[in-house]
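One structure is given below, encoded as structure tokens.
Residue numbers (the UniProt record's numbering): 1 to 133.
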């Protein structure tokens, strides 16, 4: 069994080593050792030498608005005020677990919208999988 004096000396030595380690770590952060060295140059390989890319500028077509859709979008209506939406022929039925509620879903096939510039925007939707059976 170690005596109290031996235990105190061991604790003191441990504390001193810890302080020195902390001081060394802080000194390394404040004044880092050597500066980063430059990488070695590598001789070029291959049939073509490296060079800067070059291209020719072609201006956009005259009268273009830059493309894209200008928001807001508004649904286009027929002259009689009806919707221009089209639906898939196959419908899906969803039932509640107790069969007290049934919902028939008509999948949307396409819808026509008008953007802020007056251009027609057509949204076509994929045929959904048969959800309800």
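Note that the Cβ used here is the ideal one computed from N, Cα and C, for glycine as well. Quick caveat, the model's predicted, so the values are computed rather than measured.
Spatial neighbours of residue i in its chain, beta-carbon cut-off 6 Å, leaving aside the 5 residues before and after
i	result
residue 73	113 and 115
residue 124	110
residue 128	107
residue 48	none
Selection from the options that minimises the alpha carbon distance to residue i
i	options	result
residue 84	5, 121, 51 and 2	121
residue 109	87, 96 and 99	87
residue 82	38, 111, 97 and 99	111
residue 126	6, 97 and 90	90
Bridge partners - residue i, DSSP secondary structure assignment
i	result
residue 114	74 and 120
residue 105	92
residue 80	DSSP lists no partner for residue 80.
residue 87	108
Q) With contact counted as at least three CB pairs below 8 Å, one residue from each stretch, are the region 71-89 and the region 115-130 in contact? A) Contact between the region 71-89 and the region 115-130 is present, because at least three Cβ pairs lie under 8 Å.
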